[in-house]
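These notes concern the structure reproduced below.
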Amino acid sequence: MSGLRAPLAGAGLVALYTALIAAADGITKLIAGGYEAPQLFALSSAIVLLLAAALARREGGVRHALAIRSRRAMALRAALTVLAAIGFFQAFRLLPFADVFLFIGLMPLIAAALSGLALGETVRPAAWLALGAGTCGILFLMPEGRLALDAGHGWAVLAAVSGTGSMVAARHIAKAERKPLAQVFWPNLALALCMALALPFVWRPMPLADLIWVAGYALCLFGARFVSVEALRLLPAHVATPLMNLQFVWMVAIGFLGFGELPSPAAMLGAALVIGSGLWLVVDEAMPPRRVRRA
């Protein structure tokens, strides 16, 4: 039972992550049409920084909580986080929810490849089969009549690759040191600084209602990034990322209730394959000793 505890805890954290990040994505889609990316990200990142610093003061002081030994990996994670944030913002701005999910669904395969190269984590044959089933699910999720690619799909590719790279970097750091607040703070500081450079050129006055939405976005984003760091400490990236595709359930609800977007039966079948493959990966990860003895 002890062998199941870490994978199940990691899976629970990923499930919480999906709810938080889907809520953040829904807010992005709601207000992205009225503002440029630098304005939304500069404000939300500043709020996230304040939240991280406030929690750091309660955990032994800011310097202790935010100090990091894996500086090169953190710099890489910060750069990839900036690229992913811009990519996802533009993708959600230009594409329907379902289209963006197609590329999010490819992230487990990217994670499996990067985990082997960057972390030396072996992906077992059963895991590759599960990843293949998840990829088949992505094909079912392809919206009918949407095979042509445009600029939004290019942004989605950039977001998927850089976002996965950021998660793999987080896994690398988490294996060396447990610093979840630092892993939230420094990438958001990089994002805030980069966006602040462009802010004078794109700033538009925001009504109070939109400022409240931005604050809600920042709160969801802070929670999502914090729990994702802990989840990636407990689960390999190629196991965590398929579970993150559970956010499709939340995306369907948000897309239907907020934007009138209803998935087809084929999309629901694809979602079942994606979710089922992710759950199998958790089971496969939880039972390595038994598999070794059988071999």
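For the sequence shown, full-length UniProt numbering gives the first residue as 1, with consecutive numbering after it. Glycine included, C-beta positions come from ideal geometry on N, C-alpha and C.
Give the single residue among the options whose Cα lies nearest to the Cα of residue i.
i	options	result
Ala85	Ala130, Gly105, Ser44 and Ala176	Ser44
Leu235	Phe89, Val274 and Pro108	Pro108
Tyr17	Leu80, Ala151 and Met167	Met167
Lys179	Ala52, Glu36, Cys194 and Trp155	Ala52
Leu117	Pro96, Leu273 and His172	His172
His153	Pro207, Phe101 and Arg63	Phe101
residue 302	Tyr35, Ile31 and Phe226	Shown here, the chain extends from 1 to 295; a query on residue 302 therefore has no answer.
Ala23	Leu221, Arg69, Leu129 and Ala75	Leu221
Pro187	Ala11, Leu129, Ile104 and Arg77	Arg77
Leu20	Arg63, Val239 and Met244	Met244
Leu55	Arg233, Ala182 and Asp99	Ala182
Trp155	Glu177, Ala176, Asp99 and Thr135	Asp99
Ala6	Leu80, Trp128, Ala240 and Ala130	Ala240
Ala46	Ala176, Asp25 and Phe185	Phe185
residue 297	Ala112, Leu257 and Gly60	What the structure shows of the chain is the stretch from 1 to 295, and residue 297 is not part of that stretch, so it cannot be assessed.
Just reading off the alpha helix (DSSP H) that residue i is part of, what are its end residues?
i	result
Gly150	One point to set straight first is that residue 150 is Asp, not Gly, in the sequence displayed. Looking at the DSSP string, Asp150 is not in any alpha helix (DSSP H), and its letter there is neither H nor E.
Leu109	Met107 to Leu114
Ser70	Careful: Ser70 lies outside any alpha helix (DSSP H) and carries neither H nor E.
Arg233	Leu208 to Leu234
Arg178	First-last for Arg178: undefined, no H or E at that position.
Ala56	Ala37 to Arg58
Given residue i, which residues of its chain have a CB within under 8 Å of its CB, disregarding the five upstream and five downstream residues?
i	result
Leu114	Thr164, Gly165, Val168 and Ala237
Leu219	Ile47 and Leu51
Roughly how many angstroms separate the alpha carbons of residue i and residue j, rounded to a whole number?
i	j	result
Ile110	Gly270	19 Å
Ile27	Glu230	24 Å
Leu119	Pro205	45 Å
Ala215	Pro125	44 Å
Ile68	Trp213	32 Å
Glu121	Ala209	46 Å
Pro96	Ala224	22 Å
Leu106	Cys136	10 Å
Val14	Ser228	6 Å
Glu177	Leu193	25 Å
Leu80	Tyr217	20 Å
Leu66	Phe226	13 Å
Leu30	Gly12	28 Å
Met268	Leu257	17 Å
Ile275	Leu8	15 Å
Gly260	Gly33	17 Å
Leu75	Pro207	A quick correction: the sequence has Ala, not Leu, at residue 75. Ala75 and Pro207: Cα-Cα distance of roughly 35 Å.
Grab me the residues of residue i's own chain with a C-beta within less than 7 Å of its C-beta, minus the 5 sequence neighbours each way, in chain order.
i	result
Ala151	Leu94
Trp280	Ala130
Indicate whether at least one CB of chain D lies closer than 8 Å to the CB of residue i.
i	result
Thr241	You won't find chain D in this structure, because it holds only one protein chain.
Verify the contact flag: residue i, CB atom, against every heavy atom of the ligand HEM, threshold strictly below 7 Å.
i	result
Ser115	What this structure holds is no ligand at all, so the ligand HEM is not there to describe.
In chain order, what residues of the same chain lie with their CB nearer than 6 Å to the CB of residue i, ignoring the 5 residues before and after it?
i	result
Met195	Pro38, Phe41 and Ala42
Ala159	Ala84, Gly87, Phe88 and Ala91
Ala190	Ala78 and Val82
Gly73	Before going further, note that residue 73 is Ala rather than Gly in the sequence given. The residues are Ala169, His172 and Ile173.
Ala198	Pro38
Ala133	Leu273 and Ser277
Ile104	none
Gly10	Ala231, Leu234 and Leu235
Arg58	none
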